[in-house]
Ligand SMILES: Cc1ncc(C[n+]2csc(CCOP(=O)(O)OP(=O)(O)O)c2C)c(N)n1
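Protein chains in written order, with the numbering used here: chain A, 1 to 627; chain B, 1 to 186.
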C-alpha cells in the first residue's frame, strides 16, 4: 500500500477514507496552491501534518509555520500579491491575532488568489471561547464557505481557490471542529504536475495596496462591488441547495421550511428522516454573501420558515431584515432560548428547536435522560511533564496571598487541582500585561505570571518589553519545553527545528532584563529558591523553568529498537503515607488504593524519576532490576 | 445490514485513535457506508478521549447523539461507565478493557473510582449487555486496543466484521515488529 505522503500528492485520482483536514491538504495540491502558512491551533493542525507527510523535495508548495497568525496572514498576502496562490489557516481565535492585517484583505486585490481557512470551534472543544468568525467575514467583506462534511470541504476549497483567482478576492473557508475531524470516503480528482515557475510579478498598478485616506473609499466601493458579484456566484452555486427528501406537500395546510448552513444541515436531515414529513431544508453553505433570489424564492414558497444556524444569529438577522424590506409574507421563526445560541447543534439539539416551534411534527420527546454521572476526568499534565515539577516547586515559594497569572499552553492545566495556579487567562501571551496591571499600586501581594516558549515568541514579547521599560514588579516564569506542546509538538523560534534556535535568554538580556535565572524544572529545590529570590528582587524578573516535553521525548524513545520501559516503585516498608506524591505532586502514575496504599500504574509511569525528590521519606526509587 | 452507532472512549494516550481507525476501516471493508469523527487536541492530555462511528445507509452526521449508541467500546473502566450513562442506548452493548486510570478526584479521595460490580450494575440498569476484557499476555499497554478488536471479531456484534478484514486494516496502519505482536492477539 502507498504511504500517505505519496497518496496525498499522487497525480491520478483516488478514493479513500480520510479526515476533513487531510482532505483540505489534498485539495491544496489539486488546486495548485503555491504558498501555505499557519500557526498551530486546534482544530486545524492536521492540515499541516498532512502537508508535511510529503518530503520537501516532493512537495509542490512552500509551507511555513509562522511565528503567529498575523505573520502567517501577512506572508500569504505578500505571496499572493506577487502572483502566487496562497493559503493561510489557523484556529478560531487565531483570527483575533491576525485581524489587524486580515481585515484589510477584503479591500485589496489578491493577485494570485488567497484562501483563509478558519477552524471555528462551536462547543469550545479545544478553545478558550466559541467565537463566531462569520462576523469577521462580514466586517472585512470576505466571501465565506461553510462546508458540512469532509467531501464538501474538499470541494469548497477547490471552488474557493477558483473564485479567489477569478475575482482576485480573498475567500474564507469556515471549518468547524467536527468537520475538520470527520472521516468519510472521498473521491479525489487529479493533480496537474506542470511545474510552477515562481515569478515575482508584484506591480503597484495591480492595487491599490495602500489604504490611506484617499484610497479608503475607492477600496471600500470595490469591496461592495465584489461582494455583489459574489452574490451572483452564490445564486448558482452547488453549495446552496434545497433538500426535499419527503416532497414539498403541505402539512396542515402549510408549507414548512428550514434555512441553515454547515453541520446543522446534517442534523436537520437526520431529524427529517425520523419524521418522514415534507419539510424543506435550504442549505446555504456558500453562506456569505447569501443568494438573495434563492432565499426570496424559498421564503415565498413557504408559509413558515425557521432559521437554524450554529452559534450567533447572523444569517437570521440579515434574512429577516431582507424579508421585511421585500414585504415577504412568510412567518420566520428564530431560536429564542439563549441556550440554543451555544455549542454544536447536533440532531438532538436541532430536534429540540424544531419541537418548540412545530410540536405537532417534531414530538417534544421526553427529554433524553442522560442519567446523573459525576466523576469527571479533567485533562492532566503527562507523566514526567516538566511543568508538573515546576508547579510543585513554585508552590513551595509562593506566599499564601500571591496572585498567579496563567497563559495558554499545556501549563494552563496548572489551574486545576491540586496545583491551582494561573488564576486568570485571556489569550496567548496576555500574562505579562495582566501581571503588570496587577502589580500597579500593589506592594503587598506577590505576582507571578506563566508563559510557554512558543507563546513567548508568538505574542509574549510586546508585554515583556513593556514590563522591562516600566520595571513592573512581578516574576515571569517561562515554561520552556522546546516545543509547541499542546497543539501537537510543532516547531517554534526557540526549538531549533526551523533555522538556528533563537535563545530566550539572549532575547531577554538584550531587552535589559536585570534578573534572569535558568533552571531545569526537575531541580525542584533550586527552582523554589530562584522564585523566592525573584520575589526579593524589586521590579521585573524572569525565571526560565526548562525541561523538554516528555511526551515528545517518549514518543521518540519508543520508536527506538533498543527501547526498554522504565518505572519507579514505592518501597512499601518505607512509605509513611505522607501522600505528597499522589496528592500534591500528583503525577497520574500514582494510584491510591482504598486501603490508602500508594501504588505505581506501570502503564503510565515512564520512570523519569522527577517524583523521587517529592517524597519526605525517600520511599520512591527507580524500579530494581531496571536500568 | 443494520444501521449502527458505535461510540469509543478511553483516556488520552491509550490509543483510541488507532482503535477508531481500525474500526472504521474494517466496517468500510465489510461493506458499510461509514462516517466517523475523533476528538483531537486538549483532551489528549490525560482527559477523556472519544471517537464516534456511524455505519449504515441512513447516516448524515458523524456524531452519535447522546443516549443513542448501540455499541460502546471502552479502553478503561471509568470511561466505560461514563459512556454507559451518557451515550449507550437502553439495551445497548458494551465491551471494555478493564484497566483503571484514577482521576485527580479519585486520588484525592473526593470521588470514588467505580468497582466492577458498580459498573455491571449500571449496564444492567439500562438493560444492556457487557463484555469485560482483560488479558495478562499483553506485553505493551498500547496493544490493549487490539485485544478489544480481536474480541469484537469473536462476538459477531457487527455483521461482516471479520478477523481477515480487521487484520487487513491493521496491516495498513502498522508495520514490522509492532504489527507482528498485534497480530498475535487474534
Ligand atoms: C491565538 C491562538 N493561537 C493558537 C492557539 C492554540 N494553542 C493553544 S495551546 C498552544 C501552545 C502554546 O505552546 P507553548 O506556549 O510552547 O506552551 P506548551 O503547550 O508547550 O506548554 C497553542 C498554540 C490559541 N489558543 N490561541
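Virtual Cβ for every residue (Gly too), placed ideally from N, Cα, C.
Here the structure is a predicted model, which means the values were calculated and not measured.
Along the stretch 93–119 of chain B, where does the CB come closer than 9 Å to a CB of chain A? Name the residues. Those residues of the stretch 93–119 of chain B that come within reach of chain A (Cβ to Cβ, closer than 9 Å) are 99, 100, 101, 102, 103, 104, 105, 106, 107, 108, 109, 110, 111, 112, 113, 114.
With hydrogens ignored, establish whether the beta-carbon of residue 485 (chain A) is closer than 7 Å to any heavy atom of ligand 1. It does: the Cβ of residue 485 (chain A) is within 7 Å (strictly closer) of some heavy atom of ligand 1.
Between the stretch 411–421 of chain A and the stretch 66–83 of chain B, do at least 3 Cβ pairs fall closer than 8 Å? In this structure the stretch 411–421 of chain A does not touch the stretch 66–83 of chain B; the number of beta carbon pairs closer than 8 Å is below three.
Determine the extent of the beta strand (DSSP E) in which residue 240 (chain A) is found, giving its start and end residues. Secondary structure note for residue 240 (chain A): its beta strand (DSSP E) is the uninterrupted segment 240–243.
So, do the stretch 192–212 of chain A and the stretch 18–35 of chain A have three or more beta carbon pairs nearer to each other than 8 Å? Taking 8 Å as the limit for Cβ pairs, the verdict is that the stretch 18–35 of chain A does touch the stretch 192–212 of chain A.
Run through chain A and tell me which residues come within less than 9 Å of residue 63 (chain B), C-beta to C-beta. By Cβ distance, chain A contributes 178, 182, 263, 266, 267, 344, 346, 347.
Which residues in the same chain as residue 72 (chain A) place their Cβ atom closer than 6 Å to its Cβ, once the five residues preceding and following it in sequence are excluded? Result list for residue 72 (chain A): 37, 38, 39, 66, 88, in chain order.
Are the Cβ atoms of residue 279 (chain A) and residue 272 (chain A) separated by less than 8 Å? Yes, the pair counts as a contact, with Cβ atoms nearer than the cut-off.
Residue 10 (chain B) - containing beta strand (DSSP E), residue span: Element bounds for residue 10 (chain B): 4–11.
Going by Cα to Cα distance, which pick from B:177, B:39, B:181 is closest to residue 147 (chain B)? Comparing Cα positions, the closest option is B:181.
Any residues in the stretch 69–81 of chain B with a beta carbon nearer than 8 Å to a beta carbon of chain A? Which ones, in chain order? Residues of the stretch 69–81 of chain B with a C-beta atom less than 8 Å from some C-beta of chain A are 78, 79, 81, listed in chain order.
DSSP-derived helix/strand/coil call for residue 10 (chain A): Looking at residue 10 (chain A) - three-state DSSP - the assignment turns out to be coil, as it is neither helix nor strand.
CA-CA distance, residue 553 (chain A) and residue 381 (chain A)? Each residue's alpha carbon lies about 14 Å from the other.
Can you look up residue 404 (chain A) in the DSSP assignment and give me helix, strand or coil? Strand, per DSSP.
Cβ distance (whole Å) where residue 43 (chain A) is taken to contact residue 94 (chain A) below 8 Å: 11 Å between Cβ atoms; not a contact.
Completely contained alpha helix (DSSP H) runs for the stretch 425–469 of chain A, where each covers 4 or more residues: For the stretch 425–469 of chain A, whole alpha helix (DSSP H) runs of length 4 or above, ordered along the chain, are 431–439.
Identity of the residues DSSP links to residue 473 (chain A) by a beta bridge: BP columns for residue 473 (chain A) are empty, so no partner.
Can you give me the Cβ contacts of residue 120 (chain B) inside the same chain, cut-off strictly under 7 Å, excluding the 5 residues immediately before and after it? Close CB contacts of residue 120 (chain B) within its chain, under the 7 Å cut and outside five residues either way in sequence, are with 130 (chain order).
Within 10 angstroms of the Cβ of residue 177 (chain B), are there 16 or more other Cβ atoms? Answer buried if so, exposed if not. Result: exposed.
Determine the chain A residues that contact residue 11 (chain B) at a beta-carbon separation under 8 Å, and present them in chain order. Those are 377, listed as they occur along chain A.
Residue interval of the beta strand (DSSP E) (run including residue 15 (chain A)): Start and end: 15–19.
Quick check: is any heavy atom of ligand 1 less than 7 Å from the C-beta of residue 40 (chain A)? Here the distance from the Cβ of residue 40 (chain A) to the nearest heavy atom of ligand 1 is below 7 Å.
Mapping the DSSP letters down to three states, classify residue 89 (chain A) as helix, strand or coil. Strand.
I'd like to know if the stretch 392–407 of chain A and the stretch 423–441 of chain A are in contact, where contact means that at least 3 CB-CB pairs between them fall below 8 Å. These segments touch.
Considering residue 530 (chain A), what are the terminal residues of the alpha helix (DSSP H) in which it resides? Residue range 524–536 is occupied by the alpha helix (DSSP H) that includes residue 530 (chain A).
Residue 174 (chain B) beta carbon less than 8 Å from that of residue 126 (chain B): Not in contact: residue 126 (chain B) and residue 174 (chain B) (Cβ atoms no closer than 8 Å).
Whole angstroms is fine: what's the gap from residue 649 (chain A)'s alpha carbon to residue 259 (chain A)'s? Nothing in the structure corresponds to residue 649 (chain A), since chain A is present only between 1 and 627.
With respect to the alpha helix (DSSP H) encompassing residue 283 (chain A), which residues constitute its N-terminal and C-terminal limits? That residue, residue 283 (chain A), is in no alpha helix (DSSP H); its beta strand (DSSP E) goes 279–284.
Between residue 455 (chain A) and ligand 1, is there a pair consisting of the residue's CB and a ligand heavy atom that are separated by less than 7 Å? Yes.
According to DSSP, residues forming a beta bridge with residue 209 (chain A): BP columns for residue 209 (chain A) are empty, so no partner.
Buried or exposed for residue 123 (chain B), please, with buried defined as at least 16 other CB atoms from any protein chain shown within 10 angstroms of its CB. Its Cβ being crowded by 16 or more others within 10 Å, residue 123 (chain B) is buried.
Close beta carbons around residue 397 (chain A), own chain, < 6 Å, minus the five adjacent residues each side: If you ignore the 5 residues before and after residue 397 (chain A), its C-beta comes within less than 6 Å of the C-beta of 528, 531, 532, all in its own chain and listed in chain order.
Taking only beta-carbon atoms, is residue 200 (chain B) less than 8 Å away from chain A? This structure cannot settle anything about residue 200 (chain B), because the visible part of chain B is limited to 1 through 186.
How would you write the range of the alpha helix (DSSP H) that residue 54 (chain A) sits in, first residue to last? Careful: residue 54 (chain A) lies outside any alpha helix (DSSP H) and carries neither H nor E.
Residues bridged to residue 275 (chain A) (per DSSP): Looking at the DSSP assignment, residue 275 (chain A) forms no beta bridge with any residue, so it has no partner.
Range of the contiguous alpha helix (DSSP H) that encloses residue 174 (chain A): Unbroken run through residue 174 (chain A) is the beta strand (DSSP E), 170–176; no alpha helix (DSSP H).
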